[in-house]
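Visitor:
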Amino acid sequence: MNDVVLTGDRPTGPLHLGHYFGSLANRVELQGRYPMYVLVADYQVITDRDTPGEIRRNTTDLVLDYLAVGIDPARAVIFQHSAIPELNQLMLPFLSLVSVAELRRNPTVKDEIAHSSQRAVSGLMFTYPVHQAADILFCKGTLVPVGKDQLPHVEVTRLVARRFNERYGPVFPLPEAMMGEHPLLKGLDGGKMSKSRGNAIALSATEDETAALIRKARTDAERHITFDEERRPEVANLLTLAGLCLGRSPRELAEEIGDGGAATLKRVTTEAVNEFLRPIRKRRAELGEGDARRILAEGNERARERAVLTLEEVRQAMGF
Ligand code: ATP
Ligand code: MG
């Protein structure tokens, strides 16, 4: 089969190390081997907040983060929801294929409602997994590099594709999620590292910002450093971060640090993260807003051509 890669992120703030090890590294690895679409999911910003906020700025920053980690616009179509009406229109037939009970059961949506800043839960919060089905299926995506929180959404997409094909004939492939080296990286507070939860190390953070964030991270009262995710989650989390950045096992790092205690652990982690981010920061500094805008305009045009074809096929299959 001819695989197509689709993945994306919400422009809600700078990308962080969780994105890198959950999804970005796989994207860089897959680009060039398959057609690849990378979505700036701008309409999905308003799932858990009232307004899109600094949407233009966050959008260009997100594209700059992509370029900085090595996503190559010559090999990946970088585009945004709000520029592709035909993609969004797929949501109508797709919504008819899932039940309200199925939407309510989604564990990631439940978690996001728990962390939402909104007083009332919007309809979009419950239906955005179906919007994601449109994101993936508009280009007949088959491989979806994502973090663990996205698995239920890829399931929704498979359900939508399967039911559409059953009702109207074979149009869509069933996509597979592809999880990264670390599909659920924790933030400095022990919860899922998230742009919107103030617990992340951004890929664009400076050396000093990175050092300050790690200095503030919680550890525990035991001096001797060991890797024990169950009993010592805070310490294990820092070891995991350092290990991922160094390409080494967190257990081995713990043995080396041993009696050095939390101070050594934090120093090692800070150095590892800063070393890892150095080339990413350097590339980012060479790019400007104009580059991001130009790349998005080109990507939007290409994605739209694809979406027009799929919507036409859907309408035909449905007999409109
Ligand atoms: P927000 O808090 O605004 O929802 P986010 O940090 O959750 O931001 P998203 O844009 O929602 O980021 O997610 C983009 C992609 O990054 C998804 O594939 C998601 O699974 C992955 N991802 C996000 N956070 C992590 C994490 N901590 N570990 C691994 N993957 C992650
Ligand atoms: Mg999220």
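Going by my numbering, the first residue of the sequence shown is number 189, and it counts up by one from there. Ideal placement from N, C-alpha and C gives every residue a C-beta, glycine not left out.
Is the stretch 278–298 touching the stretch 337–345 in the sense that three or more CB pairs, one from each, lie closer than 8 Å?
Guide: Yes, the stretch 337–345 touches the stretch 278–298.
Visitor: If you reduce the DSSP assignment to three classes, tell me which class ILE266 lands in.
Guide: It is a strand residue.
Visitor: Cβ-heavy atom distance between HIS370 and the ligand ATP below 7 Å?
Guide: Within the cutoff, so yes.
Visitor: Going by beta carbon distance, what residues of the same chain come within less than 6 Å of LEU275, once the five residues before and after it are set aside?
Guide: Correct list, in chain order: ALA322, PHE326 and ALA495.
Visitor: Could you tell me which residues DSSP puts in a beta bridge with GLY196?
Guide: According to DSSP, which records beta bridges pairwise, GLY196 is partnered with LEU227.
Visitor: Taking only three categories from DSSP, how would you classify HIS303?
Guide: HIS303: helix per DSSP, three-state reduction.
Visitor: Compute the Euclidean distance between the alpha carbons of GLU364 and ASP236, then round it to the nearest angstrom.
Guide: The straight-line gap from Cα to Cα measures roughly 26 Å.
Visitor: Pull the bridge partners of PRO333 from the DSSP assignment, please.
Guide: BP columns for PRO333 point to MET366.
Visitor: Apart from the five residues on each side of it in sequence, which residues of its chain come closer than 6 Å, Cβ to Cβ, to THR428?
Guide: Once the five neighbours on either side are set aside, the close Cβ partners of THR428 are PRO438.
Visitor: What would DSSP say about HIS341, mapped onto helix, strand or coil?
Guide: Helix, per DSSP.
Visitor: Taking C-alpha atoms, which residue in THR414, ALA262, GLY379 and LEU441 lies nearest to GLY220?
Guide: The candidate whose alpha carbon is nearest that of GLY220 is ALA262.
Visitor: At a cut of 8 Å, does the stretch 392–399 reach the stretch 459–468 through at least three beta carbon pairs?
Guide: These segments touch.
Visitor: Quick one: measure Cβ to Cβ for MET367 and VAL334, integer angstroms, because I've assumed they're closer than 8 Å.
Guide: Confirmed, about 7 Å.
Visitor: Using the three-state DSSP reduction, which class does HIS319 fall into: helix, strand or coil?
Guide: In the structure shown, HIS319 sits in a helix (DSSP, three-state: H, G or I).
Visitor: Just curious, the alpha helix (DSSP H) that GLY378 is in, first and last residue?
Guide: No alpha helix (DSSP H) contains GLY378, which DSSP labels as neither H nor E.
Visitor: I think GLN277 touches LEU499, with their Cβ atoms under 8 Å apart; what is that distance to the nearest whole Å?
Guide: Right, the Cβ-Cβ distance comes to about 6 Å (below 8 Å), so this counts as a contact.
Visitor: What are the residues that DSSP puts in a beta bridge with GLN219?
Guide: Its beta-bridge partners are TYR222.
Visitor: So, at 6 Å on beta carbons, what are the nonlocal neighbours of LEU212 in its own chain, with the 5 sequence-adjacent residues on each side left out?
Guide: Counting only Cβ-Cβ distances below 6 Å, and skipping sequence neighbours, we find VAL257.
Visitor: Quick check for students: name the residue ranges of the alpha helix (DSSP H) that lie wholly in the stretch 236–289, counting only runs of 4 or more.
Guide: Taking only runs of at least 4 residues, the alpha helix (DSSP H) segments lying wholly in the stretch 236–289 are 243–257, 273–277 and 279–283.
Visitor: Going by beta-carbon coordinates alone, are ILE402 and LYS336 separated by less than 8 Å?
Guide: Cβ distance not < 8 Å, so ILE402 and LYS336 don't count as in contact.
Visitor: Can you look up HIS204 in the DSSP assignment and give me helix, strand or coil?
Guide: Strand, per DSSP.
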